[in-house]
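Here the structure is laid out as structure tokens; the discussion comes afterwards.
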Amino acid sequence: MAYQPLAAASTTYGFYGITLNDTSGGAVVDGVANLSVEVIDLGFNSLLGFNQVEFKFINSSTSSSLTDVYFDDGSLLGIASITDSGTGVSFSQFASPGNLPGANLASPAFQTTAGFSADSNPAVSPNGVTNGEWVAIKFNLLSGKTYADTLAALALPNGGGAGDLRIGLHVQSYPGGYSESFINNPVPVPEASTYAMMLAGLGLVGLMGAARRKSLQIAA
């Protein structure tokens, strides 16, 4: 496990399912609820001459294992390193199969950029990411590209076409032996502080509504 540098900025994204191998939908619901990626700004590496961004993947599920990660490239130059949370997680570059399973079900079809993938080493599921674990993939960015460019590419300004960046995950060992594939949502997950402000705002609106109803009752 390598040293994790302090990040200047980070943004978290959730995922949506593109396959439905478990026709009950339970596996997809589990994946949507528990999969996330934190995109971390590592800044400029003066030794290498590139800006770097790290993608830290978490699977909070206790009933599945994240085993494969794929990138449909936007601003990325190449994988610089793969690190993990330690015992129980082991990943290497180049996933098998070479493209995200069910890739053609995405719109447009997901196409993994050559070399921009990683998967867990045998034994596959035991070495994947489960509850309390993580795997992080650090990328060098194309010359002149920055963290802001990476976030812009993740927003899919071209509808998933040229220049956009999408991330695909393959998750295995759901109950019943199912596996499912997921792609990141282009809109980030709101930060905790944003959630708090939203809830506070909703609470204030509720109080104002209650006060108004009470005043109307008194007036009547």
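Under our numbering, the first residue of the sequence shown is numbered 62, with each subsequent residue one higher.
Positions of the beta carbon are idealized from the N, C-alpha and C atoms, including for glycine.
Does DSSP put F105 in a helix, a strand or coil?
strand
Taking A214 as part of the alpha helix (DSSP H), name the residues at either end of that continuous run.
208-215
Helix, strand or coil at L166 [DSSP, three-state]:
helix
L96 burial status per 10 Å Cβ neighbour count (16 or more: buried)
buried
Would you check if there are 3 or more beta carbon pairs closer than 8 Å linking the segment 163-173 to the segment 117-125?
no
Going by DSSP in three states, D83 sits in which element: helix, strand or coil?
coil
Quick one: any contact between the segment 176-191 and the segment 206-213, if contact means 3 or more CB pairs under 8 Å?
no
Answer yes if the segment 131-140 comes into contact with the segment 172-182, meaning at least three C-beta pairs across the two stretches below 8 Å, and no otherwise.
yes
Whose C-alpha, out of N246, P249, Y239, is nearest the C-alpha of T84?
Y239
Cα-Cα, which of K206, I140, S121 is closest to E115?
I140
Would N112 and K206 qualify as a contact pair, given that the criterion is a beta-carbon distance under 8 Å?
yes
Under a three-way DSSP split, which group does G135 fall into?
coil
Quickly, what does DSSP pair G282 with across the bridge? List them, please.
Because the chain is modelled from 62 through 281, residue 282 falls outside the range shown and cannot be assessed.
On the DSSP bridge list, what partners appear for G115?
Sequence check: residue 115 is Glu here, not Gly. I101, K199.
Our contact map puts I228 next to I79 with C-beta atoms below 8 Å; I'd like the distance itself, whole angstroms only.
The Cβ separation is near 12 Å, so there is no contact.
If contacts are defined as beta-carbon pairs under 8 Å, then L230 and F76 qualify, I think. What distance do you get, rounded to the angstrom?
6 Å
Length of the line joining the Cα atoms of P236 and G147:
25 Å
Buried or exposed: N201, going by 16 or more other Cβ atoms within 10 Å of its Cβ?
buried
Go through its chain and collect everything with a Cβ distance to A209's Cβ below 6 Å, but skip five positions before and after it.
none
If F118 sits next to V98, beta carbons under 8 Å apart, how far is it from one beta carbon to the other, in whole angstroms?
5 Å
In this structure, how does DSSP classify N120 when only helix, strand and coil are distinguished?
strand
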